[in-house]
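To start, the structure under review is shown below, and the notes come after it.
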Amino acid sequence: MKYKYVFFDWGYTLISKFKNVDNEINSILSKYNLVWNDIFKKWKNYQILNSLGKISEREIYEELSLILNISKEDLEKIDMLLLNSHILDDETKSIITKLYEKGYYLGIISNNSIRNVNYILEREDIKKYFKKIIISEEVGERKPNIKVYVKAFEDIPKNEYSKIAFVSDELLEDLSGAKILGMDTIWFDQNIENKWKKKEEILIEPDYIIKSMDEILDIV
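Basically my numbering = 1-based index in the sequence shown + 220.
Set out below in structure tokens:
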């Protein structure tokens, strides 16, 4: 095996698809004469603070309720709709299982909240495959801050960093930090652009580019 360790980003990598729940959210917001696009930017900013451990989900509901005059109960419903929109597709689940069975040390490094990641891992029954799960909320920093990677690789000798492959859809936010530490990078390029994710210019060159998750098996 060329690599011993394979680490994955979370959103748009392990969780590569999302169900569109805009209509359901708009149905909740209709009684407030609002639509999802009216509150999305505030919601996204709060999610970033949440991923840094600066604010809890409950505090988000409380603050947005005051700012937007929306009930905390309805904000929690919106949050759960978004959380349940995360899709782990069959191909990705199969790849994870195969890598685990081949003996790879598998890990996750996510700019997200502990609640969100654990909820999906347990729902999909895949937490058992990962030896290391590092979430920005518990570190108090987001990728590409080196502290996040150092925490993720604390059980790996530094002379084996070259045996780590890190898979992510984000070049600058994720793979730049991995490059600095000397590991190989696999860019999962799905050519996605939406309000959650913007297309990137290739300012750093990944070691590999994949268009589907099953290509990983040919690399590692």
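Don't be surprised by glycine CBs; every beta carbon is placed ideally from N, CA and C.
Since we're looking at a predicted model, the values are computed, not measured.
From the DSSP output, in three-state form, read off residue i for me.
i: residue 260; result: helix
i: residue 404; result: strand
i: residue 440; result: coil
i: residue 385; result: strand
i: residue 307; result: strand
i: residue 333; result: coil
Could you pull out every residue in the same chain whose Cβ sits closer than 6 Å to the Cβ of residue i, ignoring the five residues on either side in sequence?
i: residue 330; result: 230, 337, 355
i: residue 228; result: 234, 328, 387
i: residue 296; result: 281
i: residue 349; result: 316, 320, 326
Considering only residues of the same chain and omitting the five flanking positions on each side of residue i, which have a CB-CB separation below 8 Å?
i: residue 224; result: 324, 325, 380, 383, 384
Below 7 Å CB to CB, which residues in the same chain sit around residue i once its five sequence neighbours on both sides are set aside?
i: residue 360; result: 272, 273
i: residue 280; result: 266, 270
So the alpha helix (DSSP H) residue i belongs to, where does it begin and stop?
i: residue 330; result: Where residue 330 is concerned, there is no enclosing alpha helix (DSSP H), although the beta strand (DSSP E) it sits in stretches over 325–330.
i: residue 409; result: Where residue 409 is concerned, there is no enclosing alpha helix (DSSP H), given that its DSSP letter is neither H nor E.
i: residue 349; result: Counting along the chain, residue 349 falls outside any alpha helix (DSSP H), and DSSP gives it neither H nor E.
i: residue 285; result: 277–288
Could you spell out the range, first to last residue, of the beta strand (DSSP E) harbouring residue i?
i: residue 428; result: 428–430
Looking at C-alpha atoms only, which residue of the options is the closest neighbour of residue i?
i: residue 243; options: 232, 251, 256; result: 256
i: residue 389; options: 372, 284, 424; result: 424
i: residue 440; options: 404, 426, 409; result: 404
i: residue 221; options: 309, 319, 288; result: 319
Open item on the list: Quick check on the DSSP output: what are the complete beta strand (DSSP E) runs of length 3 or more inside the region 352–383, in order along the chain?
Closed with: 352–355
Task: 4-residue-minimum alpha helix (DSSP H) runs that sit fully inside the region 223–274, ordered along the chain - done: 242–249, 256–271
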